[in-house]
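Numbered by my numbering, the letters in the sequence shown go through residues 1336 to 1759 in order. No residue lacks a Cβ here, since even glycine has one placed at the ideal position from N, Cα and C. Since we're looking at a predicted model, the values are computed, not measured.
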Amino acid sequence: MFDSRSGEGMVLNWRGPLLAVGIFAVAFATLLLMARQNESNTSDMGSSLREDPYGTSLLFDSYARAGHQVNRSQDEDSLVDQDALSTTAFFIGGQSSDDWKFEKGQFRVGEKFRVRLEQFLARGGRVVLVAPAWKLKSESQGWEVENKWDKTADDSGPAWISPEGNAMPAGSESMYVANDAPWLETDASWTVLYSNAVDANAKADSPVHVHMAMRRVGNGQLIAASQESFLLNEAIKTRPNPALLDFLAGGRPVVWVDETLHGLHQSEGVLWLVQRYRLQVALLLFWGTLLVLLWSMSGDLARRPSRDVDAYLMRQSEGAGVAARRLLQRSVATEKVVAECWEEFRRRSPQEAQAISSDPRSAPRLTAALAQAPLPGYRQLFQLIAERRASAKGLARAHRNTNESSTSATTGPEEARFACMKNP
């Protein structure tokens, strides 16, 4: 890394890279601030994050204490990124405010939500659907979930209903059901998990109201519950039922809960787009390219004195401004600017440079000029070159006059007479 002709090594050029890193940092901080501003300000009202008696935060706290990975999602489309075979997706109450459309004279609600469930179930996912806000019917997979209500409220008050012994695991406790709780409308494809008789004095074969049921859907499993009272914080606090919670999770390590049903949405800002579409690698490549471009524009990594005879600073038919810009692009150290200029002049005009450096009067001035700062040193170099060229022109003029005088002295008599006859 040393120049064999100059005997000088490379010197680290820290000004250019420092400028590049500074510009890069400012741009990155600005975009990061913009991304943060694009994130939505959300509220946990009505969601499973609530810690009051009407929330379901204890449900997921219990899962977290049991070793499950609990993911509370504010992006409804992130369900497609989950590993369906190891994930149980919870949808507890609420409704999406923008999931509706009017098509062919019919008002359709929950179409996007139904499609998400179908895709997740088709991949082998397990879905726990609690207190659905509307009827869901999948014609492609053949399942339907709908709540039914009594026209008149039951005055008998809330009740605890026992699990079905042949369907629920041992140790499952009773399920809390409010007096005005709806029930599920099921068919033979469903396995009843919790139910109660329509009439308190009903017989064994009397009709029942189903409050929780399960069925297989292709490779997946769908569990539906008519109401969420049995999962509220107060119910879990007073009557904990770990057997039921283990059954709902189905032995899967990941518990995913949809918070968008409760109005919690993540705005589609810069960070959301990067994470949603997995653009991390592309973003790193972009920042790396930007840093390299800034680095290359700010100067070389090392200041290296140029000694290549073919690399002239000032080329034929180009102005001094272009040559000066090329000199600056080489990142020449300040103390070496005058020496670089003199070296360039020596390559272009070796005879004049040799005459200046060998002249006893100009040689000391040349040495002094090379040791000075760029501006005064350049002025002295310019003056030395100008004086040398002026001296060379004077010598040439004197030599030309001498030649003319000698020519006149050798003029013959006939030529002289002829000149005199022309100028009497």
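Item, Value
"Straight-line gap, leucine 1420 to methionine 1549 (C-alpha atoms, nearest Å)", "17 angstroms"
"Rounded C-alpha distance that separates alanine 1516 from serine 1561", "7 angstroms"
"Same chain only: Cβ atoms within 6 angstroms of leucine 1414, ignoring 5 sequence neighbours per side", "Arg1451 and Phe1455"
"Delimiting residues of the beta strand (DSSP E) encompassing glutamate 1479", "1478-1480"
"Asparagine 1568 (DSSP reduced to helix, strand or coil)", "helix"
"Host alpha helix (DSSP H) of tryptophan 1484 (start-end)", "Neither: tryptophan 1484 is in no alpha helix (DSSP H) and is coded neither H nor E."
"Cβ-based burial, leucine 1394 [other Cβ within 10 Å; buried from 16]", "buried"
"Beta-carbon spacing of tyrosine 1511, serine 1564 below 7 angstroms", "yes"
"Collapsed DSSP secondary structure at lysine 1472 in the structure displayed", "strand"
"Close beta carbons around glutamate 1411, own chain, < 6 angstroms, minus the five adjacent residues each side", "Thr1595"
"Endpoints, the beta strand (DSSP E) within which threonine 1521 is located", "That residue, threonine 1521, is in no beta strand (DSSP E); it is neither H nor E in DSSP."
"Same chain, Cβ closer than 8 angstroms to leucine 1625, neighbours up to 5 away in sequence not counted", "Phe1359 and Ala1362"
"C-beta contact flag for glycine 1555 and threonine 1423 at 7 angstroms", "no"
"Assigned exposure category for glutamate 1446 - 16 Cβ within 10 Å defines buried", "exposed"
"Nearest neighbour of arginine 1449, chosen from Phe1621, Ser1524 and Leu1557 [CA to CA]", "Leu1557"
"Under the three-state DSSP convention, the category arginine 1696 falls into", "coil"
"Among Glu1675, Val1552 and Glu1679, the one whose alpha carbon lies nearest that of valine 1480", "Val1552"
"DSSP three-state assignment for glutamine 1417, whether helix, strand or coil", "coil"
"Where the beta strand (DSSP E) containing tyrosine 1511 begins and where it ends", "1510-1512"
"7 angstroms Cβ cutoff met for isoleucine 1691 and arginine 1723", "yes"
"Beta-carbon separation (whole angstroms), alanine 1502 vs leucine 1528, contact threshold 8 angstroms", "5 angstroms"
"Buried versus exposed, by CB contacts within 10 Å (16 or more), phenylalanine 1426", "buried"
"Simplified DSSP state of aspartate 1387, which is helix, strand or coil", "coil"
"DSSP-derived helix/strand/coil call for arginine 1587", "coil"
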